[in-house]
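Colleague:
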Amino acid sequence: MRAPLITVIITYTIAIIGLTLMPGIDDKGQPWHMSIFEALYVISYTATTIGFGEVPYPYSSTQRLWMTFSIYLTVIPWFYAIGKIISLFQDPALKQALTTTSFARAVANLHEPFYIVSGYGETGSLLVKALDHKGIRVVVTEMNQDRVNDLELEDYQFDIPALCSDAQLPDTLLRAGVRHPMCKGIAALTDNDHVNLAVAVGAKLLNPNLTVLARAEDDDVAANMASFGTDHILNPYQLFGDQLGMEVHAIGTYLLHQWLTGVPGDTLILPKVPPIGKWIICGYGRFGKAVVENLEREQITTVVIEADPELTHCEHCIVGSGTEAATLIEAGIADAVGIIAGTNSDINNLSIVMTAQKINPDLFVVVRKNRRFNEPLFEHFNADISMDTSDIIAHECLARMITPMMTHFLRLVRTQDNNWANQLISQLVGIVGENVPDAWGVTVDAEHSPAVANLIAWGLPVTLDALTRDPANRVRKLPLVPLMLVRSGQYELLPALTTPLLIGDRLLFCGSSSGKAAQPICLSNHKTLTWIINGREIADGWLWRWMTRKISRLRRALKPPVK
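Under my numbering, think of the first position of the sequence shown as 102, with each following residue one higher.
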């Protein structure tokens with residue numbers, strides 16, 4: 102805008118000075134000259150085409166001649182300036198600058214905890230939708246403007262700040278709020294491992310205390326992330342392989358895992374149990390290797406079909422894509438119990454399982470789904486298990502963001518036997534029903550549970566049982582279950598209700614939404630908590646508190662000394 106503004110200023114100056122020099126005649130017939138202010142006034146309404154006529158007196162021929170010249174002199178630069186303004190507002194650089202400023206301002210004005218999601222692809226959109234549904238604020242960075250436009254069209258309950266920018270750049274991370282005091286963590290969920298690595302490393306360098314979750318399918322990239330202290334490294338293939346292994350070996354553990362990491366309120370769906378026997382695996386990439394490793398760990402026989410053995414380093418396999426009946430027959434599909442179509446092509450995967458089922462209709466089918474837009478095809482086929490990488494990663498991120506303690510709990514659950522998991526499932530079903538329960542953590546300290554901390558400091562023992570009672574009826578239990586107690590770095594699964602609580606304890610609960618909503622009253626109101634523990638009510642008013650103290654002192658004074 103520098104050139105248009107200078108042009109307008111110069112033309113105005115010429116027109117104004119020239120008008121003050123042009124002689125005129127006043128209403129008394131005397132010669133007069135306009136002052137600079139009067140000339141500025143006349144040129145202003147003339148150049149903007151408003152037009153008030155000849156003021157304060159009719160103009161002389163000389164003045165009218167100069168005004169004619171001034172009209173063309175000043176109006177043309179105005180058109181030039183207006184055209185420049187219009188083109189300027191259409192300039193992509195200015196639009197980006199305005200958008201970036203607006204984004205940074207929106208992030209700075211957030212006054213509640215939020216997470217940064219880097220990458221609004223299939224995985225990122227699922228996670229953002231789930232977090233928004235849970236009432237957790239989100240900030241999004243995405244390289245693709247079309248995906249940002251898709252986000253803005255979604256009907257979220259919160260206004261989600263989104264920026265089309267490269268999250269690998271430190272400036273983008275800073276604008277997104279990695280140093281914001283309310284930022285709880287960042288999830289790097291792009292489909293490029295090296296971009297996720299750069300985001301994870303940048304976030305840790307800018308804010309070492311920030312929780313970082315990153316997607317990594319390559320082992321070398323995952324190792325690099327771990328060296329920089331990335332808190333949660335998520336490999337969808339390894340996660341799915343672990344889950345498949347649990348389904349085969351410990352269906353109760355798998356069911357418990359799926360239940361506790363699900364979206365609260367969803368109905369628990371009983372999974373199909375994979376059979377034990379010979380399995381055919383088509384595709385020995387990262388997904389195939391993870392599946393084979395977990396199946397062989399469960400002592401299950403596997404036969405691998407791979408189109409490029411040299412690329413995938415597959416030493417013992419049948420060469421082929423698996424879409425041909427001859428290859429499947431060579432692999433022994435007739436006497437196999439299951440087949441896993443795990444290539445990186447959705448069409449090939451569907452072709453593999455359709456061909457295999459024609460040969461052996463009783464096969465247990467596991468199919469890998471690479472792109473969500475192919476969802477209708479997979480729904481029509483109705484495989485026994487569909488592996489969706491986006492859903493798996495979003496599922497894990499949601500669990501680790503909302504209840505970080507759940508990660509440690511599920512890790513310890515895998516060390517327990519299947520009977521232990523089945524007993525816990527029965528307990529949960531009896532208390533909260535068959536819907537996915539809420540999960541939350543409680544810290545015993547003055548900030549998060551002041552009532553508990555105060556009673557402990559006053560010498561009144563508080564047991565875990567007190568936090569499971571209904572504040573409205575101390576005899577009735579809340580619909581919740583304490584899953585884990587963390588004390589001095591030690592983890593205790595399913596702690597006894599008689600366990601006395603100590604300052605610094607951390608507890609993991611799960612239960613219905615009503616139980617979650619009622620428990621904070623026990624944590625924050627020491628009068629309610631005292632009534633729950635011993636049935637005694639504490640006087641509210643200052644007069645009653647004063648009288649209670651006086652009576653207590655009098656009782657102590659009258660009490661006979663102990664001999």
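The C-beta atom is built at its ideal place from N, Cα and C for all residues, glycine as well.
These figures come from a predicted structure and were not determined experimentally.
Does DSSP put Gly466 in a helix, in a strand, or in coil?
Modeller: Here residue 466 turns out to be Val, not Gly, going by the sequence shown. DSSP places Val466 in strand when its eight states are reduced to three.
Colleague: Is there contact between the stretch 555-568 and the stretch 514-531, where contact requires at least three CB pairs shorter than 8 Å?
Modeller: No: fewer than three Cβ pairs fall under 8 Å.
Colleague: Quick one: grab the DSSP three-state call for Asp489.
Modeller: Note: Asp489 maps to strand in three-state DSSP.
Colleague: Output the residue ranges of the alpha helix (DSSP H) runs that lie fully inside the stretch 375-433 and measure 4 residues or longer, sorted by chain position.
Modeller: DSSP runs (the alpha helix (DSSP H)) wholly in the stretch 375-433: 387-398, 410-413, 426-432.
Colleague: Please look up how many angstroms separate the CB atoms of Leu345 and Met326, rounded, as I've assumed it's under 8 Å.
Modeller: No, Leu345 and Met326 are not in contact; Cβ-Cβ is about 24 Å, not under 8 Å.
Colleague: Secondary structure at Val329, three-state DSSP: helix, strand or coil?
Modeller: Checking the sequence shown, residue 329 turns out to be Phe, not Val. Reduced to three states, the DSSP call for Phe329 is coil.
Colleague: Using a Cβ-Cβ cutoff of less than 7 Å, which residues in the same chain neighbour Ile622 once the five nearest sequence positions on both sides are dropped?
Modeller: Here the set comprises Pro572, Thr629.
Colleague: Just the Cα atoms here: how many angstroms apart are His496 and Phe610?
Modeller: Approximately 19 Å, taken between the alpha carbons.
Colleague: Excluding sequence positions up to five away, which residues of its chain have a Cβ less than 7 Å from the Cβ of Val393?
Modeller: Ile382, Thr403, Val405, listed in sequence order.
Colleague: Hey, quick one: how far does the beta strand (DSSP E) through Tyr338 stretch, first residue to last?
Modeller: Careful: Tyr338 lies outside any beta strand (DSSP E), inside the alpha helix (DSSP H) at 337-350.
Colleague: With Met502 and Gly286 assumed to form a contact (beta carbons below 8 Å), what rounded beta-carbon distance in angstroms separates them?
Modeller: 6 Å between Cβ atoms; contact.
Colleague: Just tell me which of Phe170, Pro282, Gly125, Phe180 has its CA closest to the CA of Glu155.
Modeller: Checking every option, the nearest Cα to that of Glu155 belongs to Gly125.
Colleague: What residues match up with Lys578 in a beta bridge as DSSP calls it?
Modeller: According to DSSP, which records beta bridges pairwise, Lys578 is partnered with Arg570.
Colleague: Please classify Pro337: is it buried, with 16 or more other beta-carbons within 10 angstroms of its beta-carbon, or exposed?
Modeller: Buried, by the Cβ-count rule.
Colleague: Going straight from the alpha carbon of Trp360 to that of Pro372, what length do you get?
Modeller: Approximately 11 Å between the Cα atoms of the pair.
Colleague: Please report how far the alpha carbon of Ser452 lies from the alpha carbon of Ala442, in whole angstroms.
Modeller: Each residue's Cα considered, the two are about 9 Å apart.
Colleague: Would you call the stretch 249-262 and the stretch 467-474 in contact, with 3 or more CB pairs under 8 Å?
Modeller: Not touching, per the Cβ criterion.
Colleague: Cα-Cα, which of Gly342, Gly330, Asp292 is closest to Ser487?
Modeller: Ranking the options by Cα distance to Ser487, first place goes to Gly342.
Colleague: Taking only three categories from DSSP, how would you classify Lys664?
Modeller: Note that Lys664 scores 48 on pLDDT, short of 50, meaning its location in the model is unreliable and no value can be drawn from it.
Colleague: For His234 and Ile334, I'd like the C-alpha separation in whole angstroms.
Modeller: Looking at the two C-alpha atoms, the distance is approximately 24 Å.
Colleague: Among Ile117, Asp485, Leu581, Ile634, whose alpha-carbon lies nearest the alpha-carbon of Ser615?
Modeller: Taking only the C-alpha atoms, the option nearest Ser615 is Leu581.
Colleague: Does the Cβ-Cβ distance between Thr544 and Leu565 come in under 9 Å?
Modeller: It is not a contact, given that the beta carbons lie outside the stated cut-off.
Colleague: With C-beta atoms as the reference, is Ala351 less than 9 Å away from Asp518?
Modeller: Yes.
Colleague: Looking at C-alpha atoms only, which residue of Ile144, Gly612, Tyr160 is the closest neighbour of Ala540?
Modeller: Looking at the Cα atoms, Gly612 is the closest of the given residues.
Colleague: Please tell me whether Ile460 and Ile430 are closer than 9 Å, where the distance is taken between their beta carbons.
Modeller: Yes, the Cβ-Cβ distance between Ile460 and Ile430 is below 9 Å.
Colleague: Does the Cβ of His134 have 16 or more other Cβ atoms within 10 Å, making it buried, or fewer, making it exposed?
Modeller: The residue in question, His134, is exposed, as its Cβ has fewer than 16 Cβ neighbours within 10 Å.
Colleague: Measure how close the beta-carbons of Arg276 and Leu264 come, nearest whole angstrom, since I'm counting them as under 8 Å.
Modeller: Confirmed, Cβ separation roughly 7 Å.
Colleague: Excluding five sequence neighbours on each side, which residues of the same chain lie with their C-beta closer than 7 Å to the C-beta of Ala567?
Modeller: Result list for Ala567: Cys623, Leu630, Ile633, Ile634, in chain order.
Colleague: Assuming Leu579 contacts Leu608 under a Cβ cut-off of 8 Å, what Cβ separation, rounded to an integer in Å, is found between them?
Modeller: Not a contact, Cβ separation roughly 13 Å.
Colleague: Can you tell me where the alpha helix (DSSP H) with Trp179 in it begins and where it stops?
Modeller: 162-190 is the span of the alpha helix (DSSP H), which, as asked, contains Trp179.
Colleague: What do you reckon, are the CB atoms on Met168 and Thr149 nearer than 9 Å?
Modeller: No, the pair does not count as a contact, with Cβ atoms beyond the cut-off.
Colleague: Would you mind stating whether Gly384 and Glu407 have Cβ atoms separated by less than 9 Å?
Modeller: In contact: Gly384 and Glu407 (Cβ atoms closer than 9 Å).
Colleague: Expressed to the nearest angstrom, what Euclidean distance is found between the alpha-carbon atoms of Leu115 and Leu252?
Modeller: Here the sequence assigns Ile to residue 115, which means Leu is not the residue at that position. Whole-angstrom Cα-Cα distance: 52 Å.
Colleague: Which residue or residues does DSSP assign as beta-bridge partners of Cys611?
Modeller: Cys611 pairs with Ala540, Val582.
Colleague: According to DSSP, what are the bridge partners of Cys623?
Modeller: Answer is none; Cys623 lacks a bridge partner.
Colleague: Indicate the three-state DSSP secondary structure (helix, strand or coil) for Tyr355 in the structure shown.
Modeller: Tyr355 falls in the helix class under three-state DSSP.
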